[in-house]
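Numbering (the working numbering), first residue to last: 2 to 163. All C-beta atoms in this analysis are idealised placements derived from N, C-alpha and C, irrespective of residue type, glycine included. Everything numeric in this text was worked out from a predicted model, so none of it was measured.
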């Protein structure tokens, strides 16, 4: 693991307390912008790059590494960005903090957590992983019942090269 990935994960974990200095700031951002903000605070990217990059396009690609089920999620190293895709469209982003846990905001769109608030959630055990398609979860759809989302990941330190 790149040490910077760990710094971003540590920042994300520490700021999940409602009394932390950045809780309100992270809770007010879009999920992918909050993850990019962790990269900024960890020194992976500077303010200029933070302003230029788009979290809904630049964090993880659909062609990046699949997270193939709850065991893979549990083994994922801290500092990996986890993105959820409906088809080719990103719908949510979180940051792995280790042992199947991830930090994020507006997490209810993947079926866990709350509609607002920076929080740490157990993705290994709480997501509706699909046995027939291990890199897929079932999540609430804003328009109809449920939807299937693909789960992908990429180390947050890769943002330095974008």
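### Message
Do residue 106 and residue 118 count as a contact pair if the criterion is CB distance below 8 Å?
### Response
yes
### Task
State the beta-bridge partners of residue 156 as determined by DSSP.
In the DSSP output, where bridge partners are listed per residue, residue 156 has 81.
#### Entry: Cβ-based neighbour list, residue 100, same chain, cut-off 7 Å, excluding 5 preceding and 5 following
75
### Query
Who are the Cβ neighbours of residue 128 in its own chain at under 6 Å, not counting the five residues just before and after it?
138
### Message
Between the alpha carbons of residue 38 and residue 102, how many angstroms are there, rounded?
### Response
18 Å
### Query
Does the stretch 147-159 touch the stretch 49-59, meaning 3 or more C-beta pairs lie closer than 8 Å?
no
### Cβ-based burial, residue 60 [other Cβ within 10 Å; buried from 16]
buried
### Message
Less than 8 Å between the beta carbons of residue 69 and residue 6, yes or no?
### Response
no
### Task
Classify residue 42 as buried or exposed, calling it buried when 16 or more other Cβ atoms lie within 10 Å of its own Cβ.
buried
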